[in-house]
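K.L.:
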Ligand SMILES: Cc1cc2nc3c(=O)[nH]c(=O)nc-3n(C[C@H](O)[C@H](O)[C@H](O)COP(=O)(O)OP(=O)(O)OC[C@H]3O[C@@H](n4cnc5c(N)ncnc54)[C@H](O)[C@@H]3O)c2cc1C
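In the working numbering, the protein residues as written are 1194 to 1582.
(1) Does DSSP put residue 1374 in a helix, in a strand, or in coil?
(2) Please report the distance separating the alpha-carbon of residue 1242 from that of residue 1293.
(3) Where residue 1533 and residue 1346 are concerned, what is the direct C-alpha to C-alpha distance, given to the nearest angstrom?
(4) Run through the DSSP bridge pairs and tell me what residue 1417 is partnered with.
(5) Cβ of residue 1198 within 7 Å of Cβ of residue 1499?
(6) Taking the C-alpha atoms as reference points, what is the distance between residue 1366 and residue 1322?
(7) With 16 other CB atoms within 10 Å as the buried threshold, where does residue 1451 fall?
(8) Would you identify the three-state DSSP class for residue 1606, choosing helix, strand or coil?
(9) Output the boundary residues of the beta strand (DSSP E) element that contains residue 1227.
(10) With hydrogens ignored, establish whether the beta-carbon of residue 1205 is closer than 6 Å to any heavy atom of ligand 1.
(11) In angstroms with no decimal places, state the Cα-to-Cα distance between residue 1201 and residue 1250.
(12) Looking at C-alpha atoms only, which residue of 1444, 1350, 1457 and 1327 is the closest neighbour of residue 1338?
(13) When the Cβ atoms of the stretch 1446–1464 are set against those of the stretch 1380–1390, are three or more pairs found closer than 8 Å?
(14) Closest by CA to residue 1594, which one among 1373, 1514, 1480 and 1494?
(15) Name the one or two DSSP bridge partners that residue 1238 has.
(16) Run through the DSSP bridge pairs and tell me what residue 1350 is partnered with.
(17) Who are residue 1448's beta bridge partners in DSSP?
(18) Tell me whether the beta-carbon of residue 1358 lies closer than 7 Å to the beta-carbon of residue 1206.
(19) Measuring CB to CB, does residue 1458 end up less than 7 Å from residue 1424?
(20) Rounded to a whole number of angstroms, what is the C-alpha to C-alpha distance between residue 1214 and residue 1433?
(21) Roughly how many whole angstroms lie between the Cα atoms of residue 1195 and residue 1482?
(22) Would you list the one or two residues that DSSP bridges to residue 1271?
(23) What residue range does the beta strand (DSSP E) around residue 1204 cover?
(24) Following a CB-centred definition, is residue 1381 positioned closer than 6 Å to any heavy atom of ligand 1?
(25) Let me check understanding here. Comparing Cα to Cα, which of 1340, 1312 and 1354 lies closest to residue 1332?
(26) Using beta-carbon positions only, say whether residue 1487 and residue 1427 come within less than 7 Å of one another.
(27) What do you reckon, are the CB atoms on residue 1465 and residue 1535 nearer than 7 Å?
(28) Might you give, ordered along the chain, the residues of its own chain that have their beta carbon closer than 7 Å to the beta carbon of residue 1472, omitting 5 neighbours on each side?
(29) Which stretch, first to last residue, makes up the beta strand (DSSP E) that contains residue 1393?
(30) At a cut-off of 6 Å, would you count residue 1233 as near ligand 1, judging by its Cβ distance to the nearest heavy atom?
(31) Which residues share a DSSP beta bridge with residue 1355?
(32) Tell me whether the beta-carbon of residue 1402 lies closer than 7 Å to the beta-carbon of residue 1377.
(33) Look at the alpha carbon of residue 1375 and the alpha carbon of residue 1269, and state the distance between them as a whole number of angstroms.
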């Protein structure tokens, strides 16, 4: 019997397996994607300083080639007053964050799992996880069935604890998830500009939703929130027309936009599991909470789930792995940070939407206050980097 079966070897599941590599626990990872493939569409991720520390501890940080630091975040609203800048000095860290490519991160994590001899079964979709103990089963364990897309036969695994990091939570039917559809898409791409400001990320709030430019290599990673129909139009537009539309929307804070590549669109919703544990099971990462990318919090929050669970498993006696006592303690540890992450992103989506003059004035005032009180700025920057505990 395994101590731990991880369903989903995406960035969250793979990081957990690597964090437990020297623990002596027996662990196996199942992933529905093909070896070398990607589970979710490629995108750039803004990682917090905390995320960097976790990747340093599991020994993969130095292997990421495309890391671009964010030293300043410039926050403004289109058509209204109020602007603020958060700097690395405000937060007392060398950089506020780092932009990496999801695809490169996954490749590096896959290589680290192979180098550590952690068994990973690719092309294995978990499709039946027991959610109740079977009275006829003498072994106190969860049974999980997995199938390959290329073979009819199913495999069964027995484990003390099943960790669901499948990005959606669908592999564990017993966990209830609330869903709020934002009726918006995130249009992403890589854009270059005539007057880039190295190390500066821009978060600009507009009545259609936020638009972010994250410094990435010599240009920017774009995350532009738009209505679904507008996303379809923008994806189909000729490059020059797209750049003109972006210029009109974003303004000229980085000069003229000169090229766009790798356009994609992702539907946006908030999905949140109020309870993240069940019988000998836990959901984490996007399976526990999928957030609007407005403040680049989703994966960073998922990594904090990983770190807390890894600490709980490292501190446990063998009999305690997957016990209701252990899972209840883990769930309590994560409660405040998870709710704060959801509240922050959902609150920002609403606070910065809409064109009413009073609301625009309140937003401007908020940004001006944040800009003029260094202690408040520092607290805000620290919350964005490390979450709430
Ligand atoms: C446009 C956009 C921009 C974003 N920007 C940021 C950002 O700047 N900063 C940030 O922190 N976050 C950001 N996020 C969120 C971030 O992408 C996610 O939080 C992160 O990818 C979650 O990782 P995960 O491992 O939980 O899930 P995934 O990345 O979805 O990985 C899940 C894995 O599980 C596998 N799987 C699925 N089902 C099964 C099954 N039944 N059996 C076995 N395996 C299975 C899949 O193949 C995949 O490998 C952004 C998201 C979007 C959409």
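All C-beta atoms in this analysis are idealised placements derived from N, C-alpha and C, irrespective of residue type, glycine included.
P.N.:
By the coordinates alone:
(1) Within the chain shown, the letter at position 181 stands for residue 1374. In the structure shown, residue 1374 sits in a strand (DSSP, three-state: E or B).
(2) Numbered from its first residue, the chain shown carries residue 1242 at position 49. Numbered from its first residue, the chain shown carries residue 1293 at position 100. For residue 1242 and residue 1293, the distance between alpha carbons rounds to 13 Å.
(3) Locating residue 1533 in the chain shown gives position 340, counting from the first residue. Locating residue 1346 in the chain shown gives position 153, counting from the first residue. Distance between the alpha carbons of residue 1533 and residue 1346: 43 Å.
(4) If you number the chain shown from 1, residue 1417 lands on position 224. Per DSSP, 1380 and 1404.
(5) Numbered from 1 along the chain shown, position 5 holds the residue referred to as residue 1198. Numbered from 1 along the chain shown, position 306 holds the residue referred to as residue 1499. For residue 1198 and residue 1499, no; Cβs fall outside 7 Å.
(6) Taking the chain shown and counting its residues from 1, the one referred to as residue 1366 is at position 173. Taking the chain shown and counting its residues from 1, the one referred to as residue 1322 is at position 129. Their Cα atoms are separated by approximately 8 Å.
(7) Position 258 of the chain shown, counting from 1, holds the residue named residue 1451. Around the CB of residue 1451, fewer than 16 other CB atoms lie within 10 Å, so the residue is classed as exposed.
(8) The chain is shown from 1194 up to 1582; residue 1606 falls before or after that span and cannot be answered.
(9) Counting from one through the chain shown, the residue named residue 1227 turns up at place 34. Judged by DSSP secondary structure, residue 1227 falls outside any beta strand (DSSP E); it is assigned neither H nor E.
(10) Numbered from its first residue, the chain shown carries residue 1205 at position 12. Within the cutoff, so yes.
(11) The residue labelled residue 1201 in the question sits at position 8 within the chain shown. The residue labelled residue 1250 in the question sits at position 57 within the chain shown. Rounded to the nearest angstrom, the gap between the Cα atoms of residue 1201 and residue 1250 is 21 Å.
(12) The residue labelled residue 1338 in the question sits at position 145 within the chain shown. The option with the nearest alpha carbon to residue 1338 is 1350.
(13) Output reads yes: the stretch 1380–1390 touches the stretch 1446–1464.
(14) Given a span of 1194 to 1582 for the chain in the structure shown, any question on residue 1594 remains unanswerable.
(15) Here residue 1238 refers to the residue found at position 45 when the chain shown is read from its first residue. In the DSSP output, where bridge partners are listed per residue, residue 1238 has 1293.
(16) Position 157 of the chain shown holds residue 1350. Paired residues: 1337.
(17) Locating residue 1448 in the chain shown gives position 255, counting from the first residue. Residue pairing for residue 1448: DSSP places it in a beta bridge opposite 1446.
(18) In the chain shown, counting from the first residue as 1, residue 1358 sits at position 165. In the chain shown, counting from the first residue as 1, residue 1206 sits at position 13. In contact: residue 1358 and residue 1206 (Cβ atoms closer than 7 Å).
(19) By 1-based counting over the chain shown, the position of residue 1458 is 265. By 1-based counting over the chain shown, the position of residue 1424 is 231. In contact: residue 1458 and residue 1424 (Cβ atoms closer than 7 Å).
(20) Looking up residue 1214 in the chain shown gives position 21. Looking up residue 1433 in the chain shown gives position 240. C-alpha separation (whole angstroms): 49 Å.
(21) Here residue 1195 corresponds to residue number 2 of the chain shown, with the count starting at 1. Here residue 1482 corresponds to residue number 289 of the chain shown, with the count starting at 1. Each residue's alpha carbon lies about 26 Å from the other.
(22) Within the chain shown, the letter at position 78 stands for residue 1271. For residue 1271, DSSP assigns no beta-bridge partner whatsoever.
(23) As a position in the chain shown, residue 1204 is number 11, starting the count at 1. Segment 1204–1212 is the alpha helix (DSSP H) holding residue 1204; no beta strand (DSSP E) there.
(24) Locating residue 1381 in the chain shown gives position 188, where the first residue counts as 1. In this structure, the C-beta of residue 1381 approaches ligand 1 to less than 6 Å from one of its heavy atoms.
(25) The residue you call residue 1332 lines up with position 139 of the chain shown. Residue 1354 is the option with its Cα nearest to residue 1332.
(26) Against the chain shown, residue 1487 aligns to sequence position 294. Against the chain shown, residue 1427 aligns to sequence position 234. It is not a contact, given that the beta carbons lie outside the stated cut-off.
(27) Taking the first residue of the chain shown as position 1, residue 1465 is located at position 272. Taking the first residue of the chain shown as position 1, residue 1535 is located at position 342. Result yes, Cβ atoms of residue 1465 and residue 1535 sit closer than 7 Å.
(28) To locate residue 1472, count along the chain shown from 1; it is residue 279. Excluding its 5 nearest sequence neighbours in each direction, residue 1472 has C-beta neighbours in its own chain below 7 Å: 1324, 1325 and 1326, listed in chain order.
(29) The count along the chain shown starts at 1 and reaches residue 1393 at position 200. The continuous beta strand (DSSP E) containing residue 1393 extends over residues 1393–1399.
(30) Numbered from 1 along the chain shown, position 40 holds the residue referred to as residue 1233. Answer for residue 1233: yes, Cβ within range of ligand 1.
(31) Taking the first residue of the chain shown as 1, we reach residue 1355 at position 162. Bridge partners of residue 1355: 1198 and 1474.
(32) Working through the chain shown from its first residue, we reach residue 1402 at position 209. Working through the chain shown from its first residue, we reach residue 1377 at position 184. Residue 1377 is positioned such that its CB atom lies closer than 7 Å to that of residue 1402.
(33) In the chain shown, residue 1375 corresponds to position 182, counting from 1. In the chain shown, residue 1269 corresponds to position 76, counting from 1. Put simply, the backbone Cα of residue 1375 is about 22 Å away from that of residue 1269.
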